[in-house]
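Numbering (the numbering used here) for the sequence shown: 399 to 551.
Cβ coordinates follow ideal geometry from the N, Cα and C atoms, glycine included.
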Amino acid sequence: MPETAAFQIIATNDGKQYFFGDLLNDALANNQHSVWGLAAGAAQRAGANEFPDINEIFQHTASVLGGEQFGIPRISENNRASDTPINYLKAIWPLFFPTVKLFCPNPVDWPILYGLAIQEAIEAGKSVIDPSLALKIVMESAVPMSKVDLANL
399 MPETAAFQII ATNDGKQYFF GDLLNDALAN NQHSVWGLAA GAAQRAGANE FPDINEIFQH
459 TASVLGGEQF GIPRISENNR ASDTPINYLK AIWPLFFPTV KLFCPNPVDW PILYGLAIQE
519 AIEAGKSVID PSLALKIVME SAVPMSKVDL ANL
């Protein structure tokens, strides 16, 4: 299925394009096997008692699309990574993606694969990062990065 059939493509003034649509949003947040469903479940099991408003994250992402706040997790400065999600995506995606395709050839299953990896990270890191904060970082990064045109990083 071509991208134009599966997604609504939004072009911004900076010449970049971003992907939106129910298919993408469902994989991120609309069922128990979505990235959100798997990550939130892991955070809850790891002791999280606060959960970010996933709908608000989607709204915020759309409202800052193409701007300098796009893709910047809204967390305290002392909890931020040393770089931005888009720069990590640019650096890691070309190395990581061939392995994803090797172990999970069907793109429909990729969100489950990512969600399971996130579950492992939240569980493994619960002694050093609050699971509620870990979940917020994950979703504040995953939602905007899911909109990025990976072919033009």
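Worksheet entry | Terminal residues of the beta strand (DSSP E) in which Gln406 lies | Locating residue 406 in the sequence shown gives position 8, where the first residue counts as 1. Gln406 -> beta strand (DSSP E) spans Gln406 to Ala409.
Discussion item. Quick test of your reading: Ser544 and Leu463, contact by CB under 8 Å. State the CB separation rounded to the nearest angstrom.
Written reply: Along the sequence shown, read from residue 1 onward, the residue named residue 544 stands at position 146. Along the sequence shown, read from residue 1 onward, the residue named residue 463 stands at position 65. Not quite, the Cβ-Cβ distance comes to about 12 Å (not below 8 Å), so this is no contact.
Practice prompt. Run through the stretch 482-539 for me and flag every whole alpha helix (DSSP H) of 4 or more residues, listed as ranges in chain order.
Written response: Secondary structure remark: continuous alpha helix (DSSP H) runs of at least 4 residues inside the stretch 482-539, in chain order: 483-501 and 508-523.
Fill in: Beta carbon of Phe450 nearer than 9 Å to that of Leu533
As a first step, residue 450 must be located in the sequence shown, where it is residue number 52. As a first step, residue 533 must be located in the sequence shown, where it is residue number 135. Sequence inspection shows Pro at residue 450; the Phe mentioned does not correspond to that position. Yes.
Discussion item. Just to confirm the assignment, what range does the alpha helix (DSSP H) spanning Phe449 have?
Written reply: Residue mapping note: residue 449 aligns to position 51 of the sequence shown, counting from 1. According to the DSSP assignment, Phe449 belongs to no alpha helix (DSSP H), since it is labelled neither H nor E.
Worksheet item: Out of Ala425, Gly523 and Asn411, which has the shortest C-alpha to C-alpha gap to Ala404?
Response: For the purposes of this step, residue 404 is identified with residue 6 of the sequence shown, where counting begins at 1. For the residues Ala425, Gly523 and Asn411, the minimum Cα distance to Ala404 belongs to Ala425.
Worksheet item: If you draw a straight line from the C-alpha of Ala444 to the C-alpha of Lys524, how long is it?
Response: Taking the sequence shown and counting its residues from 1, one reaches residue 444 at position 46. Taking the sequence shown and counting its residues from 1, one reaches residue 524 at position 126. Straight-line Cα distance between these residues: approximately 6 Å.
Worksheet item: Just reading off the beta strand (DSSP E) that Gln415 is part of, what are its end residues?
Response: Position 17 of the sequence shown, counted from the start, is the residue given in the question as residue 415. Counted as a single uninterrupted DSSP element, the beta strand (DSSP E) harbouring Gln415 occupies residues Gln415 to Phe418.
Worksheet entry | Val462 in three-state terms, based on DSSP | Along the sequence shown, one-based indexing puts residue 462 at 64. Three-state result, Val462: coil.
Item to complete: Return yes when the Cβ of Ile510 is within less than 9 Å of the Cβ of Val536, no when it is not.
Response: As a working note, residue 536 is residue 138 in the sequence shown. As a working note, residue 510 is residue 112 in the sequence shown. One thing to note: Val536 has its Cβ no nearer than 9 Å to the Cβ of Ile510.
Worksheet entry | CA nearest to the CA of Glu521, picked from Ala438, Ala489, Phe417 and Ala540 | Looking up residue 521 in the sequence shown gives position 123. Relative to Glu521, the option among Ala438, Ala489, Phe417 and Ala540 whose CA is nearest is Ala438.
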